[in-house]
Each structure stands twice: as C-alpha cells, then as structure tokens.
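Student: Here my numbering is used: position 412 in the sequence shown is 408, and no number is missing along the way.
Backbone N, C-alpha and C fix where the C-beta goes; we use that ideal spot for every residue, glycine too.
Please see the structure below; I have some questions.
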Amino acid sequence: MKFLIYILLTLTFAAQNVPAGTTQNLPDMGDSAGGVVTPEFERRLGQAVMRQVRQSADVITDPEMESYIQSIGYQLVANSDDNQILFIFFVIDNPAINAFAAPGGVVGINSGVILNSDTESELAGVLAHEIAHVTQRHMARTYEAASKFSLPMMAAMVGAILLGIANPEAGQAAIAAVAGFSAQYQINFTRANEEEADRVGIQLLARSGFDPHGMPGFFQKLQKTSRYYRGDAPEFLQTHPLTSSRIAESIARAERYPVRKYSNSISYKLIRARLMADSFESPKEAVKFFETSLETGGYPDMESARYGYALALTRANDFARAREQLGLLLKDDEENITYLLAAARLESAQRNFSAAVGIYQEAHKLYPDYWPVVHGYTRALLDAKQPGRARDLIRNYGRNHEPSLAYYDLLSQAEAESGSPAESGIAKAEYYYLTGGTQLAIDHLKFAQRQAELNYYQMERIKARLAQLEYELTLEKELKLEPEG
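Below, the structure written as structure tokens:
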C-alpha cells in the first residue's frame, strides 16, 4: 500500500510541478466536467503499480497458477456492468491473507487467500470484491471527493485516505493534520466503498455461477480467526475493516438469490494442493503431510491429495514413487492436462528431456492454446537442445495471444540459442520494460540495433520501439517513477 500512496502522490504533484514545456505530454487528468481522473490516467497508474509490484513483491509466475487465477477473474469480469477494463490478475507468494485492487484493473491476492479458502466461491468472493473496487472506480471517486480543494490539499487528503485503508490509526492521524478535514470523512468514505464493493461483488458472484454466500462466508471465517491473533489482525482485515453489521448485510444480500448446489472445480482443488505442496519448508515435510492425508483421509479431496503427494515426491527427488502416483491419476483421467504437465515435469526433473518433449507434444495436440502447455513445451525443447522448434512454437503462440513476462523471457532465450541475437535483444527489451526496467529495455534495443544481421523491417521495428520507450523513460523521470538506485 505504501508504494501505491507514493505513486499516487508523486503523480499528483508532478502534474502540477513538471516544466511547462513538457506538461502537454503528460496523461490527461481530466477536468471538472469530465471527472478528475480519466480512464487513460487510471490505466497508466495501473501500469506503474503493476511494474512496482513486480519489483517489490514475490509474484508467482507459475503458468498454471497464472492461468487459473486469470480464468476466475475473467469469468467474474465478463459478468460485470463494466467489462471494458483490461484487468490483470496475479498471485503473490505470501501466506498472509490479503488482497488489493489498484486503478487500471490491477488485482492481486496473496497465496494465503487460496490456502485459507474452503471453497472456490470463497476465493471468487475475494476477487469479486476487489473487481468491484475497480469497476466502481473507487480510487477515481476518492479524487473526485477531494477535487474541490487545492491540488496539494487534494493530494494530502487522498494520501491520508489510502493510508487509512492500510492503517486506520495512521490514516486518521494524517487526516487530522490536514486543515479543514475530519477523520470521520475518511471513515465514512472508506465504509461506503467497502459496502458498495460487497454489494456489487455478491451480484458478480451470482451472475458468474458462484455461490453468493462465498463472500460473507470468507468474511465470517476471517473475523472468527482474527480473534485468536496475538499480534496484528490479518492484513485483509486491516485494509478491509469488517463489522458485524457489514457481515450481516452481506449475508442478507446473498440470501436474496435462489438456493442451489455449488461444487468446487477440479482446477481449484488441484491448484490449492499445488500451493499446499509448496508451503512447507522442505519437500520431505510436504511428502509426510500428503502421505498422512492419504492414509487417514484427512484431506478434503483424495484426488488432489494424491496430486499434491506426487508433486512433493518429485521435489524430494523420489521419482519412482512420484511416477507411481501420477500413473494412478492418469489411469483414471488420461487427458487431464494438469496430470500430463506434472508427468512431463517429472521427466524433465530426471533430465529425460526427450520423454518430456514427447508428453508435451501430445498435450499440445489436446490443448494447443493453453499457455502452461506452450510454456512447458518450449522449455523442454530448449532443454533438449532444439531451439529452432522452441522458437517456432512460442512465436506461433505469440501471434494470437497477449504476450506475458514469461513469454518474452522464453522467446529471448529461444532466439539467442537459434542464432538471432537481434531478435533476442528485442524480446529481452520487452521483458525488462514489463518488469519496470525501462532503461534496461532501451539498452537491449540499442544492443539489437548494432547487430549485423538486421534487415530493414527489424531496423524499423527497433527504431519505432526505441522512440516509444525513450518517451516513456522521459515521462517516468518527470513523474519521479523511475526505479531507485
């Protein structure tokens, strides 16, 4: 939350203080008629937040995790009243229970949310709540509420409100220091946003085929759990304060929808088991946990427990038993893509790269557009010293899909190993730009520009992209958004 406050305040003050000759190039913050914050300004702010998150948090880049959380998020967004926003959903490797939303459709949750949920609807409830913060433009409305004051006063007020979401006591103290405002203003504004996010989020759950009780159910669990904390309450409760009346209202809203039976998807159960296998300090501890769970029936679902057991055995280098467990799973569901990917990774862990390529090849025939398959297949081809096939595979995927951080990283390696340093440099530049390293991106493009094999088309691509990135770097410096040090 601190970095979000920093970005917001620096953007606000920069809009007032940049040299007169450059202000025409800044994002338009709008006017009193059209609103203080335009969608374009929110989009840019969201990009800045996402790049800062990648620098300061341990974002999980596992393709299966990314694909799963995005599928749930997009399912909810598709049923919202404002589905024109390009959302970004991601998971941070952190056992604490927390989630946040930022302007521009940035929604992040900690892995602790998934591990502490009992149903997919509870997880979807947290996402729906954060999506509602974005679609209802709560950050923009915070600006609107403060827009009648001077720009420095508005920035101080917005910063105090944001600080109050993360730390209520500090937020109230900050507001008390801003002349003409009261702590009650911040409390009321935050409460109104949270209640609206509850209402809209529960509606999203019902529209999207999830149990609308998932949201209040998770809230009740958090409230109950927090009573046993000796220190601070869960982070989610600090940024989304709960009261008994708020929970009661959310339950009442959920009960307005017809009663029906809801079940967890196999994807939810397997992703949760995957996170559970990763949550132990050592693979041996994970093996013991799942071994005991299978013996006693103490895990909610035996199929996902067996999957978690196979992953733990693989990481513990107990390959024979891992193969046995995966064989049992594939015997019952031979086309399950999660099991096929686990089997391929098992072969790669044993350096049986040709066998891994064979499994990925069959999986790709079944799921040609599934990014975890393309990612794993490309990785295996590179391990098997077949960079040309790897390059062709990932290039073909990129023609029809939005490239990601992992896409550019793999493409850069495939291009380099295929003998194309220029294309490798172009791909690496995009990788660094997405991670917030605009200067590094420019450096890689300039390296690509010096390569002897460049053709006219490549030269023009590099020239155009360099101009864009140099403009972005100038903007970052003017807005004080370039990385420190």
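Jot down the residue ranges of each uninterrupted alpha helix (DSSP H) in the region 337 to 385, minimum 4 residues, whole runs only, in chain order.
Tutor: Those alpha helix (DSSP H) runs which fall completely within the region 337 to 385 and span 4+ residues are 349 to 362, 367 to 379.
Student: With DSSP collapsed to three states, give me the class of Phe85.
Tutor: Of the three classes helix, strand and coil, the one that applies to Phe85 here is strand, per DSSP.
Student: State buried or exposed for Thr288, treating a residue as buried only when at least 16 other CB atoms are found within 10 Å of its CB.
Tutor: Exposed.
Student: In chain order, which alpha helix (DSSP H) runs of at least 4 residues are fully inside the region 398 to 431?
Tutor: With a minimum length of 4 residues, the continuous alpha helix (DSSP H) runs that stay inside the region 398 to 431 are 401 to 413, 417 to 430.
Student: Please state if the CB of Asn90 and the CB of Asp54 are separated by a distance shorter than 9 Å.
Tutor: Yes; because the gap between Cβ atoms is below 9 Å, this pair is in contact.
Student: Could you tell me the alpha carbon to alpha carbon distance between Gly205 and Ile127, rounded to whole angstroms?
Tutor: When rounded, the distance between both Cα atoms is 16 Å.
Student: Compute the distance between the beta-carbons of Glu118 and Lys257, then report whether it is under 9 Å.
Tutor: No, Cβ-Cβ distance for Glu118 and Lys257 is not below 9 Å.
Student: Can you tell me the Cβ-Cβ gap for Phe85 and Ile65, rounded? I've got them flagged as a contact below 8 Å.
Tutor: With a Cβ gap of about 5 Å, Phe85 and Ile65 count as contacting.
Student: Of all the CB atoms in chain B, is at least one closer than 9 Å to the CB of Leu462?
Tutor: The chain labelled as chain B is not found in the depicted structure, where only one protein chain is given.
Student: Where does Val255 fall in DSSP's three states?
Tutor: Correct three-state label for Val255: coil.
Student: If you count every other CB in all the chains shown that lies within 10 Å of the CB of Pro364, and 16 or more means buried, which is it?
Tutor: Counting Cβ neighbours within 10 Å, Pro364 comes out exposed, since fewer than 16 surround it.
Student: Out of Ser259, Phe215, Asn260, point me to the one whose CA is closest to Ser240's CA.
Tutor: If we check each option's Cα against that of Ser240, Phe215 comes out closest.
Student: Is it buried or exposed, Tyr303, if we count other Cβ atoms within 10 angstroms and call 16 or more buried?
Tutor: Flag for Tyr303 reads buried.
Student: Please say whether Ile81 and Ala95 have beta carbons closer to each other than 9 Å?
Tutor: Not a contact, by the Cβ cut-off of 9 Å.
Student: Within the continuous alpha helix (DSSP H) that includes Gly323, where are the two ends?
Tutor: Unbroken alpha helix (DSSP H) run through Gly323: 315 to 328.
Student: With a 10 Å radius around its C-beta and 16 neighbouring C-beta atoms as the bar for buried, classify Gly197 as buried or exposed.
Tutor: That one is buried.
Student: If we ignore side chains and look at the alpha-carbon of each, how far apart do Pro279 and Phe286 end up?
Tutor: Cα to Cα, Pro279 sits roughly 11 Å from Phe286.
Student: Sorted by chain position, which residues of the same chain lie with C-beta nearer than 6 Å to Leu419's C-beta, five sequence neighbours on each side aside?
Tutor: What sits at residue 419 in the sequence shown is Glu, not Leu. Once the five neighbours on either side are set aside, the close Cβ partners of Glu419 are Glu411.
Student: Can you tell me whether Leu0 is buried or exposed? The criterion is at least 16 other CB atoms within 10 Å of its CB, across all chains shown.
Tutor: In this prediction, Leu0 has a pLDDT of 43, which is less than 50 and means its spatial position is unreliable; nothing more can be read from the coordinates.
Student: Please say whether Arg187 and Arg249 have beta carbons closer to each other than 9 Å?
Tutor: No, these two residues do not count as a Cβ contact at 9 Å.
Student: Quick one: residues in its chain with C-beta nearer than 7 Å to the C-beta of Asn260, no 5 flanking neighbours on either side, listed in chain order?
Tutor: Counting only Cβ-Cβ distances below 7 Å, and skipping sequence neighbours, we find Thr115, Glu116.
Student: The alpha helix (DSSP H) with Val122 in it runs from where to where?
Tutor: Element bounds for Val122: 116 to 131.
Student: Run through DSSP, which three-state label would Ile68 get?
Tutor: Helix, per DSSP.
Student: What separation, rounded to the nearest whole angstrom, lies between the Cα atoms of Gln409 and Ser76?
Tutor: The straight-line gap from Cα to Cα measures roughly 39 Å.
Student: Kindly indicate the opening and closing residues of the alpha helix (DSSP H) around Ala95.
Tutor: Per DSSP, Ala95 belongs to no alpha helix (DSSP H); it is in the beta strand (DSSP E), 95 to 98.
Student: Could you work out which residue in Gly69, Ser414, Ser52, His371 is closest to Gly394 when comparing CA atoms only?
Tutor: Ranking the options by Cα distance to Gly394, first place goes to His371.
Student: Mark Arg347 as exposed unless 16 or more other C-beta atoms lie within 10 angstroms of its C-beta, in which case mark it buried.
Tutor: Result: exposed.
Student: When we look at the beta-carbon of Ser67 and count the other beta-carbons within 10 Å, is it buried (16 or more) or exposed?
Tutor: It is exposed - the Cβ of Ser67 has fewer than 16 other Cβ atoms within 10 Å.
Student: Look at the Cβ atom of Val283, then the Cβ atom of Leu322, and state whether they are nearer than 9 Å.
Tutor: For Val283 and Leu322, no; Cβs fall outside 9 Å.
Student: Whole angstroms are fine: how far does the CA of Ile243 sit from the CA of Thr431?
Tutor: Cα to Cα, the separation comes out at about 38 Å.
Student: With distances taken Cα to Cα, identify the nearest neighbour of Ser63 among Ala402, Leu407, Ile422, Leu450.
Tutor: Of Ala402, Leu407, Ile422, Leu450, the residue nearest in Cα terms is Ala402.
Student: Can you name the residues that DSSP bridges to Gly484?
Tutor: Nothing can be reported for residue 484: it is not among the residues displayed for the chain, which extend from -3 to 481.
Student: What does DSSP give as the partner residue(s) for Val55 in the beta ladder?
Tutor: Looking at the DSSP assignment, Val55 forms a beta bridge with Ile88.
Student: Judging by CA-CA distance, which residue of Val103, Tyr366, Asn112 is the nearest neighbour of Lys220?
Tutor: The shortest C-alpha separation from Lys220 is found at Asn112.
Student: Less than 8 Å between the CB atoms is what I'm expecting for Leu407 and Leu389, so what's the real figure, rounded?
Tutor: The Cβ separation is near 10 Å, so there is no contact.
Student: Over the uninterrupted alpha helix (DSSP H) stretch that includes Phe285, give me the two end residues.
Tutor: Where Phe285 is concerned, the enclosing alpha helix (DSSP H) stretches over 279 to 292.
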